[in-house]
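Colleague:
Chains as they are written, first to last, in the numbering used here: chain A, 1 to 535; chain B, 1001 to 1332.
#1: In the structure shown, what three-state DSSP assignment does residue 1121 of chain B receive?
#2: Is the distance from the Cβ of residue 1051 of chain B to the Cβ of residue 1092 of chain B below 7 angstroms?
#3: Grouping DSSP H, G and I as helix and E and B as strand, with all else coil, what is residue 1193 of chain B?
#4: When DSSP labels each residue in this structure, what does residue 1283 of chain B get in the three-state scheme?
#5: Identify each residue in the stretch 231-261 of chain A for which the Cβ-Cβ distance to at least one residue of chain B is less than 8 angstroms, and report them in chain order.
#6: Starting from the C-beta of residue 1095 of chain B, find all residues in its chain whose C-beta is less than 6 angstroms away, skip the five residues before and the five after it, and write them out in chain order.
#7: Within a Cβ cutoff of 6 angstroms, which residues of the same chain sit near residue 1298 of chain B, ignoring the five residues on either side of it in sequence?
#8: Please list the terminal residues of the continuous alpha helix (DSSP H) segment that includes residue 1083 of chain B.
#9: Are residue 356 of chain A and residue 457 of chain A touching if we call contact CB-CB under 7 angstroms?
#10: Would you give the residue range spanned by the alpha helix (DSSP H) that residue 1182 of chain B belongs to?
#11: When Cβ atoms are compared, which residues of the stretch 471-493 of chain A fall closer than 8 angstroms to chain B?
#12: Would you say residue 1025 of chain B reaches chain A, if we count a Cβ-Cβ gap shorter than 7 angstroms as a contact?
#13: For the alpha helix (DSSP H) containing residue 985 of chain B, list its first residue and its last residue.
#14: Using a Cβ-Cβ cut-off of 7 angstroms, state whether residue 65 of chain A counts as contacting chain B.
#15: Span of the alpha helix (DSSP H) holding residue 1156 of chain B?
#16: Specify, as a first and last residue, the run of the beta strand (DSSP E) that residue 1151 of chain B falls within.
#17: Excluding the five sequence neighbours on either side, which residues of its own chain have a C-beta within less than 6 angstroms of the C-beta of residue 1137 of chain B, listed in chain order?
#18: Could you check whether residue 238 of chain A and residue 390 of chain A sit closer than 7 angstroms to each other, using their CB atoms as the reference points?
#19: Would you give the residue range spanned by the alpha helix (DSSP H) that residue 1053 of chain B belongs to?
#20: Which stretch, first to last residue, makes up the beta strand (DSSP E) that contains residue 1251 of chain B?
#21: Using DSSP bridges, identify the partner residues of residue 289 of chain A.
#22: Does DSSP classify residue 1288 of chain B as helix, strand or coil?
#23: Residues of chain E with a CB under 7 angstroms from the CB of residue 1063 of chain B: which are they?
#24: When you compare each of A/354, A/147, A/460 to residue 125 of chain A by their alpha carbons, which one comes out closest?
#25: What is the DSSP secondary structure of residue 1310 of chain B, reduced to helix, strand or coil?
#26: Excluding sequence positions up to five away, which residues of its chain have a Cβ less than 7 angstroms from the Cβ of residue 340 of chain A?
#27: Just the C-alpha distance for residue 1090 of chain B and residue 464 of chain A, rounded to the nearest angstrom, thanks.
#28: Secondary structure at residue 131 of chain A, three-state DSSP: helix, strand or coil?
#29: Should residue 464 of chain A be flagged as near chain B, meaning a C-beta pair shorter than 7 angstroms?
#30: Following the continuous beta strand (DSSP E) through residue 491 of chain A, name the residue where it begins and the one where it ends.
#31: DSSP puts residue 1093 of chain B in a beta bridge; with which residues?
#32: For the stretch 93-127 of chain A, list every residue whose C-beta sits within 9 angstroms of some C-beta in chain B, in sequence order.
#33: I want to know whether the stretch 501-515 of chain A touches the stretch 327-334 of chain A - three or more CB-CB distances under 8 angstroms.
#34: Can you tell me which of A/149, A/515, A/262, A/261 puts its alpha carbon nearest to the alpha carbon of residue 224 of chain A?
#35: Roughly how many whole angstroms lie between the Cα atoms of residue 22 of chain A and residue 471 of chain A?
#36: With 16 other CB atoms within 10 Å as the buried threshold, where does residue 1247 of chain B fall?
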């Protein structure tokens, strides 16, 4: 008390340095909103008694940990295998229809995991496409089962390997040739070069890709609940829904958060240690012309991946949508779902991009422990499963501002919390280009804050914001668990309809909705690919 | 950014209009295709518009609980008496007047009319008629017999009908025997459970499995599409000292926070009327809850067989105990 009275100068100075920090305040606001679900989890699990904790600990945790971790490892290995091999061929060999191949490796991102799970379940039935093929090829045997860890792995790898592909392709096309040449001169075989030169240099990209895939595995709700594989996320959901036990759900969430955070910190640690700095003069890699044999081999491999990850599901969707079309099942109601989906996705994407701006800007300027802390806190959406985020937001809104409950605002808010990390990451690199001197120059030329924002900051950030918008749009379009709980009354989106129709086994109705998701995501994906074209 | 804001305003306007257009909001855990014809007929008769909010019964009940006084729902429809009784326990419903409730037998509604049963389903066995090795199975408890290894089809233990069935057996036979029974079935399913009842029936019809535990109407649904399928229904536990068939009801409740209880009660009056009952139950080959309304002709007549004497509210009261039992055995 007295000290603050005695040192007015210091206080003034403090105010001075903080005065321009409107963005600091805005960043704080955004981060506080993003942290609501985490606070909810901490608060609710704090109410668990010691006995309840030990119960959870001994009854549920060993099995859940085992299931979740082994799934994460299998999916990581599978995605790495598909993603790295595809990226390698596509950047290192120049073959016929290479652009098409790139597209085929990215398009699986348009299909949500629950759609993959649903389609493969149906296709592997006795009268399904793959079931029939299997029985034709191996008569007398039984069709492989999808309701187990391998089935879930298959679905999550197909749905997620594209992240590894994109990141590794980016790294490969930026990597430089001289190191490889040096290794070759010293007598290394191409295989040795791959294992001992390329792979270590790719480690950061692979790690980042796998991190993305594993975080998706940890928080996946759609596939594991359709295939009944007990991971943390599914168990949390069952705990809260069938027993109305929100505290135990929060307790399990807390363990999951710890798990995800440990994983993120580890990943960051390894990535930082493995940075490779090339010299500015070194030669960029150029793709070698592929021989005929290579072209065939490459297309066999990529074709196999594309068939299972995109073409087959797409064909299935089209075939059943055609049935629906012929039965006149695609009516105004259906177009209503389409409209709802696109409206809420556009809304959420806009909101999330705007919200990410102050957090990213603040960190770019400050680089302090506080701004770093903000950045970590904004990651809540990545580490908490969708149902828990929805539960946290719902409880908070009802307790503090019930007036806005029931509208689309709450839904958009939850989407913002879920996808804020995505948006921040996409904007971070653009923000780094925005050095303080540029802003200072603008200010010294008499620009006020608004002009500065409109004519200096926004133009520089435009690219990053566009990417962020597209990414959030796609993910909101596919989002299921939070939408299920928070959508306004009677407000059905495409994922909600897919969920309902799939549980009622109305294939004719689930298929067109899934197809609309794919078609609707394609244009935005195209924008994304355009803006991130390497070289 | 401006466009973002205007989009937001426009969207919230659209939504608020959307909600106002309906005068009754129904949270429905029943399949859309079964509830839509009923709702359409109700609107035609009364002029009252209805907004359906579909989902799974359990998650809709969660939503209702979390929303509290902010809920827009007027009615809650569930496929499972367990959920309805749970909602009553959590004080989410408002009792229906006696005059409306009276058309449904006492044993198919809540003790204080908090919820009203609308249609009943029976837990039965489906057998493949070609497989003579399963002829000995006449009780659900026979499903634990080691002779059925690899021949049994059941759903995963998250299924509401499955949980309700286990509750009935637990109430009738005690925890110990039920727990042993579950363990026996676990050994027989070879690690595979089905995510849908319809798939069990299909697996039995195609010979992948020989016997399954399902709700009765799934058998008729399959037979409608494949009249020649080699399957038959077996009503289990009909012997003199046996427990009888487990029943469960789908039902409806008026939410406590409904601002439109009068119209909500009119809806219940409609679905419990003879016409409404016939519409509600027949689309799914279920038993109408109201006495004197006939079930679909293919279904074994209610009253012609023995039903386990477990009151419907017990399905909610004992649900957590059942879940504990199932989890302790480790049923998938």
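Positions of the beta carbon are idealized from the N, C-alpha and C atoms, including for glycine.
Modeller: Taking the coordinates as given:
#1: Strand, per DSSP.
#2: Their beta carbons are not under 7 angstroms apart, which means residue 1051 of chain B does not touch residue 1092 of chain B by this criterion.
#3: In the structure shown, the three-state DSSP call for residue 1193 of chain B is coil.
#4: DSSP, read as helix, strand or coil, puts residue 1283 of chain B in coil.
#5: So the list reads 238, 240, 241, 242, 243, 244, given in the order they occur along the chain.
#6: Within the same chain, residue 1095 of chain B has close Cβ partners 1112, 1113, 1114.
#7: Within the same chain, residue 1298 of chain B has close Cβ partners 1220.
#8: Here the alpha helix (DSSP H) through residue 1083 of chain B covers 1081-1089.
#9: Against a cut-off of 7 angstroms, the Cβ pair of residue 457 of chain A and residue 356 of chain A comes out as no contact.
#10: Looking at the DSSP string, the run of the alpha helix (DSSP H) that includes residue 1182 of chain B is 1175-1188.
#11: For the stretch 471-493 of chain A, the beta-carbon criterion of a distance under 8 angstroms to any beta-carbon of chain B is satisfied by 484, 485, 488, 489, 490, 491, 492.
#12: Yes, residue 1025 of chain B lies at the interface with chain A (some Cβ there is under 7 angstroms from its Cβ).
#13: Here chain B covers residues 1001 to 1332 and nothing more, so residue 985 of chain B does not appear.
#14: With its beta carbon at least 7 angstroms from every one in chain B, residue 65 of chain A lies outside the interface.
#15: Neither: residue 1156 of chain B is in no alpha helix (DSSP H) and is coded neither H nor E.
#16: Per DSSP, residue 1151 of chain B lies in no beta strand (DSSP E) and is assigned neither H nor E.
#17: Apart from sequence neighbours up to five positions away, the residues of its chain that approach residue 1137 of chain B with a beta-carbon distance below 6 angstroms are 1211, ordered along the chain.
#18: No.
#19: Here residue 1053 of chain B belongs to no alpha helix (DSSP H); instead the beta strand (DSSP E) covers 1050-1054.
#20: Annotation for residue 1251 of chain B: the continuous beta strand (DSSP E) segment containing it runs 1247-1255.
#21: As a beta-bridge residue in DSSP terms, residue 289 of chain A pairs with A/94.
#22: Of the three classes helix, strand and coil, the one that applies to residue 1288 of chain B here is strand, per DSSP.
#23: Although the question refers to chain E, the structure presented lacks it and instead comprises the protein chains A and B.
#24: In terms of CA proximity to residue 125 of chain A, A/147 leads the group A/354, A/147, A/460.
#25: It is coil, neither helix nor strand.
#26: If we look at residue 340 of chain A and ignore the five residues flanking it on each side, its Cβ neighbours are 491, 492, 493.
#27: For residue 1090 of chain B and residue 464 of chain A, the distance between alpha carbons rounds to 48 angstroms.
#28: If DSSP states are grouped into helix, strand and coil, residue 131 of chain A belongs with the helices.
#29: Put simply, the CB of residue 464 of chain A is far from chain B, with every gap to its CB atoms at 7 angstroms or more.
#30: In this chain, residue 491 of chain A is not harboured by any beta strand (DSSP E), its DSSP state being neither H nor E.
#31: According to DSSP, residue 1093 of chain B bridges with B/1255.
#32: So the list reads 121, 125, 126, 127, given in the order they occur along the chain.
#33: The way I'd put it, the stretch 501-515 of chain A does touch the stretch 327-334 of chain A; three or more beta-carbon pairs between them come closer than 8 angstroms.
#34: Out of A/149, A/515, A/262, A/261, A/149 has the C-alpha closest to the C-alpha of residue 224 of chain A.
#35: Roughly 27 angstroms separates the two Cα atoms.
#36: The residue in question, residue 1247 of chain B, is buried, as its Cβ has 16 or more Cβ neighbours within 10 Å.
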